[in-house]
Each structure stands twice: as C-alpha cells, then as structure tokens.
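Participant: The numbering used here runs 22 ahead of the 1-based position in the sequence shown.
Where is the CB? At the ideal position from N, CA and C, for every residue including glycine.
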Amino acid sequence: MEDYKQISDLIVRRRKFLGLTQQALALRAGVSLRSLKSVESAEGNPSFLLLTRILNLLGMKLHAVIR
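Here it is in structure tokens:
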C-alpha cells in the first residue's frame, strides 16, 4: 500500500532527524528490532496501536500523517 510506504518513510526520516537508532526506538516502543525494521520497510501489516505508539514516540500524530 502506497500510503503505508509513505508513513514508513516519514518514520525513518523522523527517527534519523532525532538521532535515534532503530534499536533505541524499538526499545522505547517496546517492540523487537525486527518488528521496527518491518514497519520501517513497509513490510507486513502492523497494528494501528503499534503505528500510533511509534509515531507518538517520534512526536508525530497519525491523523496528521495520513491527511
């Protein structure tokens, strides 16, 4: 899905902007590194809760991202 790819790209850019590693963000989100990598590469089908949690940790809101 193209929208999910765009959200994934935003997550990666924001994480890097904040100077966070994938490992650090995964730890803060309470998920495995593999799960975060899956989200960032737009693979699989992450839950709404997981996407919301990651975006919130990055200071982003889902409703603003999917406008």
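Start and end of the alpha helix (DSSP H) containing residue 58?
Facilitator: As a first step, residue 58 is located in the sequence shown; it is residue number 36 there, counting from the start. Run containing residue 58: 55-62, per the alpha helix (DSSP H) assignment.
Participant: Please report how far the alpha carbon of residue 47 lies from the alpha carbon of residue 24, in whole angstroms.
Facilitator: Sequence index remark: in the sequence shown, residue 47 carries index 25 (1-based). Sequence index remark: in the sequence shown, residue 24 carries index 2 (1-based). Rounded to whole angstroms, residue 47 to residue 24 spans 23 Å at the Cα level.
Participant: Using alpha carbons as the reference points, say which of 40, 61, 45 lies closest to residue 28.
Facilitator: In the sequence shown, the residue the question calls residue 28 occupies position 6. The shortest Cα separation from residue 28 among 40, 61, 45 belongs to 61.
Participant: Taking the CB atoms as reference points, tell me whether residue 44 and residue 32 lie closer together than 8 Å.
Facilitator: Looking up residue 44 in the sequence shown gives position 22. Looking up residue 32 in the sequence shown gives position 10. Not a contact, by the Cβ cut-off of 8 Å.
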